[in-house]
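Some notes on the structure that comes next.
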Amino acid sequence: MPYYSLSQIAKALKTYHDLRSVSRTVQALGYPTRARLYFWIHE
């Protein structure tokens, strides 16, 4: 499993908040997996 820095996680969550779409967030950033992003959202 790749390691993500806190800044990468924060960027992914902000991008998700802006786009309101897990799939579009992963496409825009190129990371993380959809499953990992769902985990961060619900964590």
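According to the working numbering, the stretch in the sequence shown is residues 432 to 474, in order. Even for Gly, the Cβ is constructed at its ideal location relative to N, Cα and C.
Among residues of its own chain, excluding the 5 on either side of residue i, which ones have a beta-carbon nearer than 6 angstroms to its beta-carbon?
{"i": "Leu450", "result": "Thr456"}
Taking residue i and residue j to be in contact with their CB atoms under 8 angstroms, please state how far apart those CB atoms are, rounded to whole angstroms.
{"i": "Tyr447", "j": "Ile472", "result": "7 angstroms"}
{"i": "Arg467", "j": "Val453", "result": "Not confirmed; about 10 angstroms, so no contact."}
Quick check on residue i: buried or exposed, where buried means 16 or more other Cβ atoms within 10 Å of its Cβ?
{"i": "Pro433", "result": "exposed"}
{"i": "Ala443", "result": "buried"}
Whose C-beta lies closer than 8 angstroms to the C-beta of residue i among residues of the same chain, with five residues either side of it excluded?
{"i": "Ile440", "result": "Trp471"}
{"i": "Tyr462", "result": "Pro433, Tyr435, Gln439 and Ala443"}
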